[in-house]
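Per our numbering, the sequence shown runs over residues 2 to 165.
Don't be surprised by glycine CBs; every beta carbon is placed ideally from N, CA and C.
Below is one structure; the comments refer to it alone.
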Amino acid sequence: MADLGNTTNAKRPENQKDWMNATVTSRTKAKDRTKQVQQALKDLEQKEADQIAAQRVEKHRQELEAQATERKKKEEAQAQRERLRKEKAAEELRLIQEALKGSKKAESAALLAAAASASRGKQEESEAKEKSIITKSLSHSSQQVLKVVLDAKSMTSKLRLGVI
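So, in structure tokens, the structure goes:
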């Protein structure tokens, strides 16, 4: 068969069957390459989605850590205020005791008992309130950390299953 201006070095099919086989082979290669490119694109998109999910989880963890640090600072400040209040109350009690020494023994005993009782009541109430605040704060922090862990596990499972 004569060359009809074909500038390529590829062998031209001699008959219709050869031509058909060459066409099918060419189409199959093109489809395979298309599938490879689509899979590579899908893999890249999945990798990017995984990275974004990991960034979100890390950002959320950092936010929770910052909240916990802030909460801890507030609790420490509250504990410091409570310590100062107790020191002040102890000083007041000492002053009251010194004042009572100069008065009659019966009166001093009654005043001392009343002051101690009032101080104990306030102290017990303050301690109970402080314990309640700390317990609620710890419970809240634990729930947030658990939520982050569960969200991360859920996100990981979804990523593995290809849901996202």
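query                                                                                                                          : result
Compare the C-beta of Ile134 with all C-beta atoms of chain B and state if any pair is closer than 8 Å.                        : The structure shown contains no chain B; it holds only a single protein chain.
So does the stretch 33-53 actually touch the stretch 81-95, counting three or more Cβ pairs closer than 8 Å?                   : no
If I'm right that Leu65 touches Val149 with Cβ under 8 Å, what's the distance once you round it to whole angstroms?            : 6 Å
Checking 8 Å against the spacing of the C-beta atoms, do Ser138 and Arg57 come in under that value?                            : no
Between the stretch 28-45 and the stretch 122-139, are three or more C-beta pairs nearer than 8 Å?                             : no
Mark Gly6 as exposed unless 16 or more other C-beta atoms lie within 10 angstroms of its C-beta, in which case mark it buried. : Low confidence applies to Gly6: its pLDDT is 44, below 50, so where it sits in the model is not reliable, and the reading given next is rough at best. Exposed: under 16 other Cβ atoms inside 10 Å.
Could you work out which residue in Glu88, His141, Ser142, Leu147 is closest to Ser120 when comparing CA atoms only?           : Glu88
Can you give me the C-alpha to C-alpha distance between Gly163 and Ser143, rounded to a whole angstrom?                        : 30 Å
Under the three-state reduction of DSSP, which class applies to Asn22: helix, strand or coil?                                  : helix
Rounded to the nearest angstrom, what separates Ala158 and Ala69 at their Cα positions?                                        : In the sequence as presented, Ala is not what sits at residue 158; that position holds Ser. Approximately 27 Å, taken between the alpha carbons.
Can you tell me which of the three DSSP states Glu15 falls into?                                                               : coil
Distance, Cα to Cα, Ala114 vs Lys102?                                                                                          : 13 Å
Reducing DSSP to helix, strand and coil, say where Gly163 ends up.                                                             : coil
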